[in-house]
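Colleague: With the first letter of the sequence shown counted as 1, position 91 gets the number 496 in our numbering; the numbers rise by one all the way through. Got a structure for you, questions after.
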Amino acid sequence: MDSPHTGSLNQAIELLRVETELFTLFLQGRPYHPTVETLQLHRSSSQEWVNAQFGITCSERLGNVQIKVFSPEAHGMVGWQPGESVFPCFYETQSYELVIQRKTAANLSFYHDNVLLRQAIKPLGESILAGVLNFGNEVGLTEWEIRSSGQALLRVEMEIFPSKMDYKLDYQNILNEVNEQIYNLAFDFLRKTYQLTGLRETQHQSLTEFFTILQHVFRQLLDAVERINKNPNYALLQDRRLMDANRVKKAGRENIRELAKHPERLREDMNHGFLTIGSRNYTATHLMETRRRLAYDTNENRFIRWMLERIHGKLKELKGRWKIKNRTPDPLLIKRLDNMLTQLERVLKMDFLREVGVLRQMSVTLVLQMAPGYREVYRCYLLLLKGLSIQGDLLRLSMKDVA
């Protein structure tokens, strides 16, 4: 595979051109991403470019249509026909300039589902539509249209590639792993929901579904909390206390400022005084002592406690609803619920969770994403949330930001 020409990484060139009888469309930007080239991403095992998904649908009103796309192999524009493969040249966080030049009096407009992208393309004069498209950290397929009087004349589907991971390998493997678990849980949930609640109890399906998902991840969750307990995240705090001078083991320089503010803490001592003022020696009756201590009241540990308490509350709610309803007694289910509640109460009494305060704000830190134990707990949390949306519009969920 040929390497890109020197300087081509930062040079904006034409990436797509569509010639029609009504207008000419130009899309230009940088065809390469410096990080992608450095890491040699989006290549096969033989270092060949992977294929990017790309498609253009044209209305008959456009007449004769000629399409050209950029090719890294040819280092320039080549003709393209529907069904032919293209190479990756659209990446996250990069800007692409779109220009549409009208040839007739047709009223053209740009459409994308995202309102920010839709507003980015604006008329310039009477015959030009132009603007800059930037997809931020979002990757995957995107689709946009050129319309006339509300009717789509041209529909373009293209694939936005990530710049810091291999899209076809790493990112897809992550999605496949999560989706495989979600689909398995979905089918299992549908089967178990029918047995537990019947068709009439649809208003309680979300809680039952939560329990079904929880059973699959509960052991992983407890193991992760046990692992965190061996090496929890902590903050190093300093405690400053006013103490009798004879009991202070190590006095810091901050005591000079304190004694200057509080001279009443000084007494005259001509023999052992450490502070000389004029011809007199003074010693201190009280000094500030600073001690460092480990505090486990961090945002990550607050999240762990909040999540465990939330699961505990949902299990108690499920147990209470089960007893209220006139159903066939199920001692095994009640025993299972009691065992899970006991396990949660046990881990909530762990030392690193005892002094943890209330979670005020949810923030996804690097500790939650990468630290041993924390990342497993956060993953279980995401699976529980995903499980709650299985009966929702799961197939229409948009891709998450790579970030």
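We treat Cβ as the ideally placed atom computed from N, Cα and C, and that holds for glycine.
Using DSSP with H/G/I as helix, E/B as strand and the rest coil, what is K730?
Modeller: By one-based count along the sequence shown, residue 730 stands at place 325. The answer is coil: DSSP assigns K730 none of H, G, I, E or B.
Colleague: Go through its chain and collect everything with a Cβ distance to E760's Cβ below 7 angstroms, but skip five positions before and after it.
Modeller: As a working mapping, residue 760 is identified with position 355 in the sequence shown. The residues are Y701 and D702.
Colleague: Between which two residues does the alpha helix (DSSP H) containing K473 stretch?
Modeller: The residue you call residue 473 lines up with position 68 of the sequence shown. Segment Q471 to S476 is the beta strand (DSSP E) holding K473; no alpha helix (DSSP H) there.
Colleague: On the DSSP bridge list, what partners appear for V504?
Modeller: Position 99 of the sequence shown holds residue 504. Answer is F431 and A535.
Colleague: Comparing alpha-carbon positions, which option in Y516, L790, A640 and E478 lies nearest L538?
Modeller: Sequence index remark: in the sequence shown, residue 538 carries index 133 (1-based). Residue Y516 is the option with its Cα nearest to L538.
Colleague: Is the beta carbon of A457 sitting closer than 7 angstroms to the one on P493?
Modeller: Along the sequence shown, one-based indexing puts residue 457 at 52. Along the sequence shown, one-based indexing puts residue 493 at 88. In contact: A457 and P493 (Cβ atoms closer than 7 angstroms).
Colleague: What residue range does the beta strand (DSSP E) around Q556 cover?
Modeller: Position 151 of the sequence shown holds residue 556. Unbroken beta strand (DSSP E) run through Q556: Q556 to I565.
Colleague: Roughly how many angstroms separate the alpha carbons of L604 and L534, rounded to a whole number?
Modeller: To locate residue 604, count along the sequence shown from 1; it is residue 199. To locate residue 534, count along the sequence shown from 1; it is residue 129. Reliability of the predicted coordinates at L604 is poor, the pLDDT of 26 falling under 50, and the value obtained from them is presented with this limitation in mind. C-alpha separation (whole angstroms): 54 angstroms.
Colleague: Using the rule of at least 16 other Cβ atoms within 10 Å of the residue's Cβ for burial, across every protein chain shown, is V522 buried or exposed?
Modeller: Mapped onto the sequence shown, residue 522 falls at position 117. Checking the displayed sequence, the identity of residue 522 turns out to be Leu instead of Val. With 16 or more other Cβ atoms within 10 Å, it is buried.
Colleague: Secondary structure at A479, three-state DSSP: helix, strand or coil?
Modeller: The residue you call residue 479 lines up with position 74 of the sequence shown. Three-state result, A479: coil.
Colleague: For the beta strand (DSSP E) holding R552, just list the boundary residues, first then last.
Modeller: For the purposes of this step, residue 552 is taken as residue 147 along the sequence shown, with counting starting at 1. Start and end: G545 to S553.
Colleague: What number of angstroms, rounded off, separates the C-alpha of M712 from the C-alpha of P439?
Modeller: Counting from one through the sequence shown, the residue named residue 712 turns up at place 307. Counting from one through the sequence shown, the residue named residue 439 turns up at place 34. Cα to Cα, M712 sits roughly 40 angstroms from P439.
Colleague: Output the distance between the C-alpha atoms of G434 and A417, rounded to the nearest integer angstrom.
Modeller: As a first step, residue 434 must be located in the sequence shown, where it is residue number 29. As a first step, residue 417 must be located in the sequence shown, where it is residue number 12. About 4 angstroms.
Colleague: Going by DSSP, what residue range makes up the beta strand (DSSP E) through P736?
Modeller: To locate residue 736, count along the sequence shown from 1; it is residue 331. P736 -> not in any beta strand (DSSP E); alpha helix (DSSP H) instead, spanning P736 to L753.
Colleague: Skipping 5 residues on each side, what residues in its chain have a beta carbon closer than 7 angstroms to that of L619?
Modeller: Position 214 of the sequence shown holds residue 619. Closer than 7 angstroms at the Cβ level, and outside the excluded window around L619, lie I716 and L789.
Colleague: What is the C-beta distance between P477 and P436, in whole angstroms, given that I count them as a contact (C-beta under 8 angstroms)?
Modeller: Start at 1 with the first residue of the sequence shown, and residue 477 comes out as number 72. Start at 1 with the first residue of the sequence shown, and residue 436 comes out as number 31. Contact holds; Cβ gap of about 7 angstroms.
Colleague: Whose C-alpha, out of E543, F428, F540 and Y496, is nearest the C-alpha of S514?
Modeller: The count along the sequence shown starts at 1 and reaches residue 514 at position 109. The option with the nearest alpha carbon to S514 is F428.
Colleague: Kindly list the residues whose CB is nearer than 6 angstroms to the CB of L425, restricted to its own chain and excluding five residues on each side of it in sequence; keep chain order.
Modeller: By 1-based counting over the sequence shown, the position of residue 425 is 20. With the sequence shown as reference, residue 425 is identified as Thr, and Leu is not the correct amino acid for it. L467 and V470.
Colleague: Have a look at the DSSP bridge pairing and note the partners of C814.
Modeller: One cannot answer for residue 814 here, as it falls past the ends of the chain, which runs 406 to 808.
Colleague: Let me know the secondary structure DSSP gives V520 once reduced to three states.
Modeller: As a first step, residue 520 is located in the sequence shown; it is residue number 115 there, counting from the start. In this structure, V520 counts as helix in the three-state DSSP scheme.
Colleague: So, with DSSP's three-state summary, where would you put G528?
Modeller: In the sequence shown, counting from the first residue as 1, residue 528 sits at position 123. Contrary to the premise, residue 528 reads as Pro rather than Gly in this sequence. P528: strand per DSSP, three-state reduction.
Colleague: Check R697 in the structure and name its three-state DSSP category.
Modeller: Residue mapping note: residue 697 aligns to position 292 of the sequence shown, counting from 1. In this structure, R697 counts as strand in the three-state DSSP scheme.
Colleague: Candidates G545, L758 and C463: which alpha carbon is nearest N705's?
Modeller: In the sequence shown, the residue the question calls residue 705 occupies position 300. Per the sequence presented here, residue 705 reads as Glu, with Asn not at that position. Ranking the options by Cα distance to E705, first place goes to L758.
Colleague: Here's a check: name, in chain order, each residue in its chain whose Cβ is nearer than 6 angstroms to the Cβ of L746, leaving out the five neighbours to either side.
Modeller: The count along the sequence shown starts at 1 and reaches residue 746 at position 341. Excluding positions up to five away in sequence, the list reads L720.
Colleague: What does DSSP give as the partner residue(s) for I418 in the beta ladder?
Modeller: The residue you call residue 418 lines up with position 13 of the sequence shown. G434, per the DSSP bridge assignment.
Colleague: Check for me: the alpha helix (DSSP H) holding F495 runs from which residue to which?
Modeller: As a first step, residue 495 must be located in the sequence shown, where it is residue number 90. Here F495 belongs to no alpha helix (DSSP H), and DSSP marks it neither H nor E.
Colleague: Helix, strand or coil: how does DSSP classify V772 here?
Modeller: To locate residue 772, count along the sequence shown from 1; it is residue 367. Of the three classes helix, strand and coil, the one that applies to V772 here is helix, per DSSP.
Colleague: Report the rounded CA-to-CA distance for E714 versus R751, giving the unit in angstroms.
Modeller: Translated into positions along the sequence shown, residue 714 becomes position 309. Translated into positions along the sequence shown, residue 751 becomes position 346. About 12 angstroms.
Colleague: Spatial neighbours of F495 within its chain, please: C-beta separation below 6 angstroms, excluding the five flanking residues on both sides.
Modeller: Translated into the one-based positions of the sequence shown, residue 495 becomes position 90. Closer than 6 angstroms at Cβ, skipping near neighbours: M563 and I565.
Colleague: So is L788 in contact with chain B if we call contact Cβ pairs under 7 angstroms?
Modeller: Given the protein chain composition of this structure (a single chain), no chain B is represented.
Colleague: What would DSSP say about A511, mapped onto helix, strand or coil?
Modeller: Start at 1 with the first residue of the sequence shown, and residue 511 comes out as number 106. Residue state, collapsed to three classes: coil.
Colleague: Please list, in chain order, all residues of the same chain as A808 whose beta carbon is under 7 angstroms from its beta carbon, the five residues on each side excluded.
Modeller: Along the sequence shown, one-based indexing puts residue 808 at 403. Because A808 carries a pLDDT of 48, less than 50, the predicted location of this residue cannot be relied on, and the following value inherits that uncertainty. Once the five neighbours on either side are set aside, the close Cβ partners of A808 are N542.
Colleague: Using DSSP bridges, identify the partner residues of E424.
Modeller: By one-based count along the sequence shown, residue 424 stands at place 19. E424 pairs with T429 and Q471.
Colleague: What are the boundary residues of the alpha helix (DSSP H) that F540 is part of?
Modeller: Taking the first residue of the sequence shown as position 1, residue 540 is located at position 135. Careful: F540 lies outside any alpha helix (DSSP H) and carries neither H nor E.
Colleague: Straight-line CA distance for A510 to L430?
Modeller: Here residue 510 is taken as the residue at index 105 of the sequence shown, counted from 1. Here residue 430 is taken as the residue at index 25 of the sequence shown, counted from 1. For A510 and L430, the distance between alpha carbons rounds to 16 angstroms.
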